[in-house]
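Below: one structure, written as structure tokens.
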Amino acid sequence: MAALRRLLLTAPQTSLVAIRCASKKSGGSSKNLGGRSPGKRYGFKKVDGAFVHAGNILATQRLIRWHPGAHVGMGRNNTLYALEDGIVRYTKEVYVPPPRSTESREVICHLPKGAVLYKTFISVVPTTEVGSFKLVTML
């Protein structure tokens, strides 16, 4: 019984191995980059008079800056793309909002007297490409 008591009451043996702690604080990640993120590259991709194939992207935009004209489609993220092969044309047209719309109540009231609103449309005039290689058209 005394031997059993000695085993139970004896203190556990400690090891003399040294534990090493870090000498410097670990570098945390920065949550805010502070405007150093790369740009989104919005803007027009094809200029007026350029030949495009069907599916080519004509312009990328966050808000609707350019409107789709003839033979031009608009994606879910307001990207304008060509629906047919042809030449790109940019046109400005006078915009008159409907009389009882929110645009006429909110925008037109703040404009000076005699001001005119314009919308820029991107259209594709369907034509065949001139001066292309015969092998390319065979594909």
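The sequence shown lines up with residues 1 to 139 when you count with my numbering. Backbone N, C-alpha and C fix where the C-beta goes; we use that ideal spot for every residue, glycine too. No experiment lies behind these values; they were computed from the predicted model shown.
Under the three-state reduction of DSSP, which class applies to residue i: helix, strand or coil?
i	result
E93	strand
I108	helix
T120	strand
Given that a residue counts as buried once 16 or more other Cβ atoms are within 10 Å of its Cβ, and exposed if not, what is residue i?
i	result
A50	exposed
G55	exposed
A82	buried
I122	buried
G114	exposed
V107	exposed
G69	buried
Return the CA-CA distance between residue i and residue j, expressed in angstroms with no decimal places.
i	j	result
G86	P126	4 Å
T128	V52	10 Å
R37	I19	For the record, residue 37 in the displayed sequence is Ser; it is not Arg. Computed Cα separation, rounded: 42 Å.
I57	K92	20 Å
G43	T102	27 Å
V94	G34	41 Å
V88	H71	10 Å
S104	N78	23 Å
L16	S23	21 Å
I64	P112	23 Å
L80	C21	59 Å
With C-beta atoms as the reference, is residue i less than 9 Å away from residue j?
i	j	result
V130	L117	no
T120	Y90	yes
V47	E84	no
R62	K40	yes
**Item:** Every unbroken beta strand (DSSP E) inside the stretch 31-69 [3 residues or more]
**Value:** 57-60 and 66-68
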